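Asks:
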Amino acid sequence: DETDYKQYQYCFKTILDQKIAYDLNEVHEVIDFAEQAHQAGHFVCLYLPYEAAPAFNSEMAVHLPETSNYVYAAAYIFEAPETREEVKDKAVSARPHFHFRLSKPTMIQHIQQVQDAIVEGNTYQVNYTTHMYDR
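Take a look at the structure:
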């Protein structure tokens, strides 16, 4: 249950292997590399920013970085963590009071558009992101 659990913090230091995509055309190679390492029993750290979305769907609108050394995906392979410590203090120090910047009707309209796209078969998953603020 959500109140009775253990939480651990892992520390990884020794990288066995790595693969980095500096081009959108290399993103799938990095993911395949990570999946193969995971299936072989290794620990994998995978970095995949939103800007990599066009590698999966060319119609995805993102703000592509102008820099030539932008990392679109990165996978780091580890044999095992150097350390594993149980996190004892899980208390939240402050309770923010988040509010959406968009109005409730606008949010409902956006979510309805996402649901329609799923029903129409245009996508099967969407990460909907919006701005919030704390009063």
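Going left to right, the sequence shown walks through residues 1 to 135 as the UniProt record's numbering numbers them.
Quick reminder that beta carbons are idealized off the backbone N, C-alpha and C, glycines included.
All figures in this text were calculated on a predicted structure; none of them were measured in a lab.
#1: What is the rounded straight-line gap between the Cα of Gln36 and the Cα of Ser103?
#2: The ligand MG heavy atoms versus the CB of Ile77: any closer than 7 Å?
#3: One question on the structure: do His38 and Leu16 come within less than 8 Å of each other, judged by their Cβ atoms?
#4: In chain order, what residues of the same chain lie with their CB nearer than 8 Å to the CB of Met60, ignoring the 5 residues before and after it?
#5: Less than 6 Å between C-beta atoms, sequence neighbours within five positions excluded: which residues of the same chain meet that for Cys45?
#6: Check each candidate in Leu24, Tyr10, Val62, Asn57 and name the one with the smallest Cα separation from Asn69.
#7: Rank Ala34, Asp4, Tyr10 by C-alpha distance to the C-alpha of residue 136 and give the top, closest one.
Replies: Reading from the atomic positions:
#1: Here residue 36 is taken as the residue at index 36 of the sequence shown, counted from 1. Here residue 103 is taken as the residue at index 103 of the sequence shown, counted from 1. If you take the alpha carbons of Gln36 and Ser103, they lie about 44 Å apart.
#2: Here there are no bound small molecules, and the ligand MG is not part of this structure.
#3: On the sequence shown, residue 38 is found 38 positions in, with the first residue counted as 1. On the sequence shown, residue 16 is found 16 positions in, with the first residue counted as 1. No. Outside cutoff.
#4: The residue given as residue 60 occupies position 60 in the sequence shown. Within the same chain, and ignoring the five residues on either side of Met60 in sequence, the residues whose Cβ sits closer than 8 Å to its Cβ are Ala53, Pro54.
#5: The sequence position of residue 45 within the sequence shown is 45, counting from 1. The residues are Tyr76.
#6: Sequence index remark: in the sequence shown, residue 69 carries index 69 (1-based). Selection Leu24, Tyr10, Val62, Asn57 evaluated against Asn69 yields Leu24 as nearest (Cα-Cα).
#7: In the structure displayed, the chain extends from 1 to 135; residue 136 sits before or after that span and is not available.
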